[in-house]
Every structure is written in structure tokens, then in C-alpha cells.
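First the structure, in the form of C-alpha cells, and then the observations on it.
Numbering (this note's numbering), first residue to last: 11 to 315.
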């Protein structure tokens, strides 16, 4: 009976020892750290790897994730500078930089970071008109990131990125904006159409102008060519007349007397065919006719009678 009790006590002690030994073993994974406390007081931070922590007095109170963490911030309503209510949703990406500040200096560092982010966003949007808000998400992201970066450092956090996911306006405002957008697009389309018609009219007028210039130039060239042709024709005619005159002059220079005598005979023949019986001729004409052999014989015979 006594031995059974002894072995039972030994077994219990062994089990307790094994349980305490197992509970004192800690494995910290990569990207995490462990917070060790002794009787409720911070002792050290365990880095990734295998660790043995004495039980009862020491214990790992928290495993802190050191990786980058994405966080979806709840949608909030913000009033713009021109008194338009917009609903904005955003996301953050952050990681823990100071474990001690993150765990012990702030009750909820993540909640504090979110609250500061929402407050800074309201301040940024409140100084912007609706149009600037809708078209300036990148500017809002950069400004918000710069403002909260310094604030969150005291929470043991570092904000890596801020991103505006969506910006929504009231349905009536959206309808008004759509109408303005359609009107603006129609205006731009009308301007572009008018500009196109203007350019088309200019091009047409320019083409007609060039056509008129080319036609005038063609007419000019035609008139020049016609004038040159007429001048050349007149020159050739003049050359022919000149050559004819030169030929006549050359012939007269050689047989001028015979030509004049021949002409006198023709004139005499014409007189003979007339009705007049008496013809008065200058002596020089008679002398020139007498030089013609046939006429000279006739005159000689008449003189002998």
C-alpha cells in the first residue's frame, strides 16, 4: 500500500515536471518577437528561434507580429471646403518598429493610429473643393502620409503607405456632376466640330486660291506662248517679204531696163485695146519701146512709109 502511494506521488511529480519543462519551451517564428515578463514586469524581447523560459515566475505574455500589416479603415463622411459631403474609404499599411512603445506605452496603438488618420483626413479634405478632392487622390495620399508619419512614431508604428480606395458623393450631387460633365463634353465636341469646319473652310479657300493662282499662271503662260507664236509668225512673214523684196531688187538691179520696157509694152497693149485712137506718149517712153527689137522694126517700117 505504501509503495503504491509512493509510486503515485513519483508519477505525479514526473508529470508535473514534464508539463513545466514543456511549458518553458518557446519557439518564436520569423517575423515575430516574444515579450517576456517576470511577475508582471517586462524583462526582455525574444527574437525568432528556440527559447527556454523558466515557468511560473517568467512567462511570454504576447507574441508581436513585426511584418507589414494591411488595415482597412472604416468609411467616413467628410465635408469639403465647398460644403459637399463625401464618403471616403482608405487603407493603411504599417509595421511595428518599437515593441516596448507598441505594447506598454499605448493601450491600443493601432486604434490611435486609425483615429489620427481619420482626423488628419478630415482636415485635408476640409481645405479642398470637391473638384480638387475628386481629381487629387494622389495629393491627398501624400499629404496624409506626411502628417501621420511623425504622429504614429510615438505609437511604436511606422506607416508605410496610405491609399484612398474610393470617394463617393451624394446621389443628387453625382447627377449634377454628370450633367455638368455631359455639358462640358458637348461643349468640347461643339468646339472641336466648329474648329474642324473652320479648318475645312480655310483649307477649301486655300485650295481655291491656289487653283485660281495656278489657272492665272496657266493663262499667263498661254498668252505668253500665243504672243511669242504671233511674234515669231510675223517675224517669219517679215523675213519672207524681205527676201522677196531683196529678190525683186536683185532682179531689177540685173534686168531693170528690160522689165520697164516690158511694162511699157503691157501698158501699150492695154491702150490698144481701148477706144481712143490717139495716144500721147513721152519721147522717153517711145525711145525705150524702140529698143525692143520687135517694136523697133515696126517703128522703122512706119517711118519709111
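C-beta atoms are modelled at their ideal positions from N, C-alpha and C, and glycine is treated no differently.
It is roughly 7 Å from the alpha-carbon of residue 157 to the alpha-carbon of residue 130.
Under the 10 Å beta carbon count, residue 24 is surrounded by fewer than 16 other beta carbons and is classified as exposed.
8 Å or more divides the Cβ of residue 174 from the Cβ of residue 137. Cβ contact annotation for residue 49 (same chain, cutoff 8 Å, sequence separation greater than five): 67, in chain order. In the three-state scheme derived from DSSP, where H, G and I count as helix and E and B as strand, residue 126 is classed as helix. When rounded, the separation of the alpha-carbon atoms in residue 47 and residue 123 is 26 Å. Shown here for residue 40: same chain residues with a beta carbon closer than 6 Å to its own, the five before and five after excluded, namely 58 in chain order. As computed with DSSP, residue 60 is found in a beta bridge with 37. The region 87–107 and the region 137–148 touch, with no fewer than 3 CB-CB distances between them shorter than 8 Å.
Around the C-beta of residue 98, 16 or more other C-beta atoms lie within 10 Å, and the residue is accordingly described as buried. Using a Cβ distance threshold of 8 Å, residue 36 and residue 53 do not count as a contacting pair. Residue range 147–162 is occupied by the alpha helix (DSSP H) that includes residue 150, with no beta strand (DSSP E) assigned at that position.
Taking a C-beta distance under 8 Å as the contact criterion, residue 74 and residue 114 do not qualify as a contact pair. Between the alpha carbons of residue 222 and residue 215 lies a distance of about 10 Å.
Secondary structure of residue 90 (DSSP, three-state): coil.
Measuring C-alpha to C-alpha distances from residue 177 to each of 51, 163, 205 and 148 identifies 148 as the nearest. With contacts defined as CB atoms closer than 8 Å, residue 169 and residue 102 qualify as a contacting pair.
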